[in-house]
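Please read the structure below before turning to the comments.
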Amino acid sequence: MRQLNKKRFGKNDLLLIGGLIAAAVVLFLIRGIFHGTAGAYVEVTVNGDVYGTYALKEDQEVLIRQNGRVTNTLTIKDGKADMTDADCPDLLCVHQRAIDKEDETIVCLPNKVVVKVVGAKQKSDLDSVAG
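All the letters of the sequence shown, read from the start, carry residue numbers 743 to 873 under our numbering.
So, in structure tokens, the structure goes:
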């Protein structure tokens, strides 16, 4: 009978795996360092319609109302937006971390509320389109 080779990984296999892991770590670090710049505003949409745009530099509490009742509470503090209260059953939006970088979002699916961080340029583009 032939003897089976018990060696699972050769030297080249280990070098390849190590190189792939190192490349993944480098890409992850680069993405973390350069991912998004701090945004200037948060845009709140409800059912796909813009509900309001709020400056991140102003500490405030935004009560999002639908059908005459408050469904979500958005708190803007220290340049970050955080969903602090919601009447949805799962409260996933409340458990998401606060956002402050462009294109980050907080989503409340049951209430169809989306909070997205936009930059100053994106806000001025929205204003010129909306009139």
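Beta carbons: idealized from backbone N, C-alpha and C, even for Gly.
Owing to the predicted nature of the structure, the values given are computational and were not obtained by experimental measurement.
Report yes if the C-beta distance between residue i and residue j is below 8 angstroms; otherwise report no.
| i | j | result |
| --- | --- | --- |
| VAL857 | ALA823 | yes |
| THR826 | VAL836 | yes |
| GLY861 | ASP842 | no |
| GLU844 | THR779 | yes |
| GLU904 | VAL859 | Any question about residue 904 goes unanswered here, given that the chain covers just 743 to 873. |
What separation, rounded to the nearest whole angstrom, lies between the Cα atoms of residue i and residue j?
| i | j | result |
| --- | --- | --- |
| LEU769 | LYS799 | 31 angstroms |
| GLN802 | ILE818 | 5 angstroms |
| ILE772 | ILE763 | 14 angstroms |
| ILE759 | ALA765 | 10 angstroms |
| ALA797 | VAL767 | 35 angstroms |
| PRO831 | VAL849 | 14 angstroms |
| GLN808 | ASP791 | 12 angstroms |
| PHE751 | ARG839 | 41 angstroms |
Check the DSSP bridge columns for residue i and list the partner residues they point to.
| i | result |
| --- | --- |
| THR795 | GLU785 |
| THR847 | LYS858 |
| VAL804 | LEU816 |
| ILE841 | ALA823 |
In this structure, does DSSP put residue i in helix, strand or coil?
| i | result |
| --- | --- |
| ARG811 | strand |
| ASP827 | strand |
| ALA722 | Because residue 722 is not part of the residues shown, which for the chain are 743 to 873, the question remains open. |
| GLY691 | No information on residue 691 is available, as it lies outside the stretch 743 to 873 that the chain covers here. |
Can you say whether residue i is buried or exposed, counting buried as having 16 or more other CB atoms within 10 angstroms of its CB?
| i | result |
| --- | --- |
| ASN814 | buried |
| GLY781 | buried |
Taking only heavy atoms of the ligand MN into account, decide whether any of them is closer than 7 angstroms to the Cβ of residue i.
| i | result |
| --- | --- |
| ILE806 | Ligands displayed in this structure: none; no statement on the ligand MN is therefore possible. |
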